[in-house]
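Protein chains in written order, with numbering that gives the first Met the number 0: chain A, 0 to 178; chain B, 0 to 196.
Report on the structure given below.
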Amino acid sequence: MNHQQFEEWLFSDQTLTPQEEAVLQDHLEGCESCRLLAASWREVERDLREAPFEAPVPGFTLRWRRRLEAQQRRLHRRQSVVLLGYSIAGVFLLLGSLTILLWPQLQSPNTLFYTWLYQIVSLVAYFSFAGEILSSIFRTATNIVPLVWWILILGILSELGVLWVVSFRMLTNPRRITK
Amino acid sequence: MQDVESGWLSQAQKGDSQAFAQLVEAYQKPVYNLCYRMLHNAEDAEDAAQETFLRAYRSMNRYDANRSFSTWLLSIAAHYCIDQIRKRRMTIVSIEDLPIPVLPDDAIGPESTVSRSEENRRIKALLEVLDPIDRVAVIMYYWYDFSYKEICQTLSLTQSALKSRLHRARRAMAQEWMERQTQALSPGRRLHESSTV
C-alpha cells in the first residue's frame, strides 16, 4: 500500500478538508504502522509545544561585558604587535637598503667619514643661506603687511593647530567601554 | 517598548556598548534557548550565546533596521550553532572531556526537576536525530512561532525546501519516538539480545 499521501497529511501544517480527514481516519483504522506513526507524532508535537524556554545562569550581561572587554584588549594587543612588526621590518629594510647603497664607501671608512663631514657642512651652509633669504623676505613683508593682518593670520594658524591636535586625539584614542 | 528598543538599536549602531548591553539583557533568553536546544549542553549554550552577542555587536553596522532584530540575532545564533555541530562531528571526544552537567536550580523541587530533566532528555533525543538545519527549522517553528517566511530568511531556504525539511524532521522524530517506546516496552528482549552476543 502507498502511505505517502497519508504521511503527507499527518506531518503537514495545512488543515485537512472533511473529506481528506475522513479518508485519513479510514486509512489509520486499517494501517497499524501509520496509526503508530500518527500517535507518536502527537506525543512528539505535544512535547515540543510544551517544552519551556531555557534561561542562562544570572549575570549573563555582566559576563558578556567582560568578554567584550577581553576581546577588545586582545584586539589592541594584536594591533600593537602588528604595528611593531611592521616598524621593525621597515627599519631592517631601510638599514639593508642603506648598506647596499653605501657598500663601496663602507670599504674605506676614512672616505666615508670625510664624505659625511662634507655633506653636513654643506647642509649647514645651505640652511644658513636659506635662513638669510627667509629673514630678508620677512623683513620686507613686515614693512608691507599691516599689523592687523599679522594678528589675523597668526590667530587663524593657531586655531587650525588646536583643531588638528583635538581631531588627532579623538581619532587615535581607543573607544572606552562605559560601565 | 519598541521605541525604547529602536533607541537602543540606533545607539548600538553608533558603537554604544551600554545600549547594546540593554539589548543583551532583553534578548539573552531567546538566544540562549536556541543555543541550548541546538547544542543540548548548558556550558556550550552559554558560550554560543555569548559569541552570538559578540558577533552581533561587531556587525551592528551591517544590521538593516528594516529587518526584525530578533530574527537577525537568532540567525547569527543558528548559523554559529550549525558550525559548532559540524565541527563537533569531526572531533572525537573522550568521556573525560565531556562537560560536567550543570546542577539544577535549588528553587525547583526534586520531583519537577526529575520530570523536567526527563523532558529535556526526551527532547534532546528527538532533536539529535535531525540534521542541524532541520533542527534549527524545528526549533524556530515550535519555540519561537516563526512564520515560514522568517525561517526561510534566517536559513536562506526556499519555502518548498523548508516545508520538505520540516516534513522530513517530523517524520524522523516520530520514528525515533516510536523506536524508543518499542525499546522501553521490551527490556527482556534487549537482555536476551545482549546475553546472546
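The beta carbon of each residue, even a glycine, is placed where N, CA and C say it ideally should be.
These numbers were taken from a predicted model, which means no experiment stands behind them.
Item, Value
"Proximity test, Cβ basis, 8 Å: W70 (chain A) and chain B", "The question names Trp, yet the displayed sequence has Gln at residue 70 (chain A). Yes - at least one Cβ of chain B is within 8 Å of the one on Q70 (chain A)."
"Integer Cβ distance of L111 (chain A) from Q104 (chain A), believed to fall under 8 Å", "4 Å"
"Cα-Cα separation between A20 (chain B) and P51 (chain A), rounded to whole angstroms", "25 Å"
"Contact with chain A by I122 (chain B), beta-carbon distance below 8 Å", "yes"
"As assigned by DSSP and simplified to three states, the class of K198 (chain B)", "Here chain B comprises residues numbered 0 to 196, so residue 198 (chain B) is not present and cannot be evaluated."
"Contact residues within the segment 23 to 35 of chain B, judged by C-beta distance below 8 Å to chain A", "V23, E24, Q27, K28, P29, Y31, N32 and Y35"
"C-beta contact flag for L23 (chain A) and W8 (chain A) at 8 Å", "yes"
"Length of the line joining the Cα atoms of W142 (chain B) and K13 (chain B)", "32 Å"
"8 Å Cβ cutoff, A73 (chain B) in contact with chain A", "Position check: residue 73 (chain B) holds Leu in this sequence, whereas Ala was assumed. False, the Cβ-Cβ gap to chain A never drops below 8 Å."
"Whether M177 (chain B) touches L35 (chain A) by CB criterion (8 Å)", "yes"
"Contact under 8 Å by Cβ, E24 (chain B) with T60 (chain A)", "yes"
"Given P131 (chain B) as reference, the closest of B:D63, B:A48, B:R87 and B:E117 once Cα atoms are compared", "B:R87"
"Selected residue, minimal CA-CA separation from L47 (chain A), among B:S69, B:D15 and B:L125", "B:L125"
"Buried versus exposed call for V30 (chain B) [16 or more other C-beta atoms within 10 Å across all chains shown]", "buried"
"From B:Q49, B:R170, B:K28 and B:S69, residue whose alpha carbon lies closest to that of E149 (chain B)", "B:S69"
"Top-ranked residue by Cα proximity to R64 (chain A), from B:D15, B:R167 and B:S163", "B:D15"
"Environment of M37 (chain B) [buried if 16+ CB atoms lie within 10 Å]", "buried"
"8 Å Cβ cutoff, E45 (chain B) in contact with chain A", "yes"
"Coil, strand or helix - D46 (chain B) by DSSP", "helix"
"Where R66 (chain A) meets chain B, residues with beta-carbon distance less than 8 Å", "Q49 and L53"
"Within chain A, the residues that L125 (chain B) reaches when beta carbons sit closer than 9 Å", "V43, D46 and L47"
"T51 (chain B) and I81 (chain B) closer than 8 Å at C-beta", "no"
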